[in-house]
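Residue numbers (the numbering used here), protein chains in the order written: chain A, 1 to 114; chain B, 1001 to 1113.
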């Protein structure tokens, strides 16, 4: 069974440019998470989806970040415009459903803003 | 609200020595507790979890952790370190219902020959 797939693995962009990250969760997993991991820190939740509905986006900086999960499967996280402080690893994870007790993580996308 | 404190950003052990990584949590309700491992340039892999029942939890790769409610702790141990255990370890807490994980800042385990 394929795990959570994220692309790209690495991205370097200039500040003020837009960037998008893509996540394909494990087949059949209804719950999808985007986490932000700054260097030397633990991951922090940005947004949680149940199917196509964003049920927790309280930590998503909505002035520049947006996310979508069309058809309740793949998801895209976008930053526009990117700032130097956005340099970090963006992790996607999925669970079969809320209440299940394990989240499966992708390898992440490492973003560098120069 | 839940929070996690991991004592020691770096822990160094010799191969074959006991591994002890400390985790204390704060939660207003009985939480679910997790340990994840992250190898360089990789995502997080679940080592073990405590939800309910037996407080001593065994995980993969010979690791185990004990939930101690009175001490609000969930320390991770392994009797004998292996070179392949060198990685970053994250303790995490979740409210019952598992809506999200709240992670600690991580502990980097270094294993020397």
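For every residue, glycine included, the Cβ atom is placed at its ideal position computed from N, Cα and C.
Look at the alpha carbon of residue i and the alpha carbon of residue j, and state the distance between them as a whole number of angstroms.
i                       : j                       : result
residue 85 of chain A   : residue 65 of chain A   : 13 Å
residue 81 of chain A   : residue 1078 of chain B : 45 Å
residue 25 of chain A   : residue 70 of chain A   : 13 Å
residue 1049 of chain B : residue 78 of chain A   : 32 Å
residue 48 of chain A   : residue 34 of chain A   : 7 Å
residue 94 of chain A   : residue 1083 of chain B : 30 Å
residue 1061 of chain B : residue 11 of chain A   : 33 Å
residue 1095 of chain B : residue 114 of chain A  : 38 Å
residue 39 of chain A   : residue 9 of chain A    : 16 Å
residue 30 of chain A   : residue 1059 of chain B : 25 Å
residue 52 of chain A   : residue 67 of chain A   : 11 Å
residue 96 of chain A   : residue 27 of chain A   : 9 Å
Sorted by chain position, which residues of the same chain lie with C-beta nearer than 8 Å to residue i's C-beta, five sequence neighbours on each side aside?
i                       : result
residue 1092 of chain B : 1004, 1033, 1034, 1035, 1036, 1101, 1102, 1103, 1104
residue 1020 of chain B : 1011, 1075, 1076, 1077
How should residue i be labelled, buried or exposed, when 16 other C-beta atoms within 10 angstroms of its C-beta is the threshold for buried?
i                       : result
residue 36 of chain A   : buried
residue 91 of chain A   : buried
residue 1039 of chain B : exposed
residue 18 of chain A   : exposed
residue 75 of chain A   : buried
residue 103 of chain A  : buried
residue 1043 of chain B : buried
residue 1016 of chain B : exposed
residue 108 of chain A  : buried
residue 1109 of chain B : buried
Starting from the Cα of residue i, find the closest Cα among the options and give me that residue.
i                       : options                        : result
residue 1106 of chain B : B/1059, B/1086, B/1113         : B/1086
residue 1088 of chain B : B/1002, B/1012, B/1070         : B/1012
residue 42 of chain A   : B/1099, B/1080, B/1076, B/1009 : B/1009
residue 1075 of chain B : B/1095, B/1047, B/1096         : B/1047
residue 1028 of chain B : B/1001, B/1014, B/1043, B/1022 : B/1001
residue 1071 of chain B : B/1018, B/1063, B/1022, B/1015 : B/1022
residue 101 of chain A  : B/1052, B/1069, B/1043         : B/1052
residue 1069 of chain B : B/1014, B/1090, B/1031         : B/1031
Cβ atoms of residue j and residue i: under 8 Å apart, would you say?
i                       : j                       : result
residue 111 of chain A  : residue 87 of chain A   : yes
residue 1024 of chain B : residue 1073 of chain B : yes
residue 1055 of chain B : residue 1064 of chain B : no
residue 6 of chain A    : residue 72 of chain A   : no
To which residues of the same chain is residue i closer than 6 Å at the C-beta, ignoring the five residues directly before and after it?
i                     : result
residue 56 of chain A : 48
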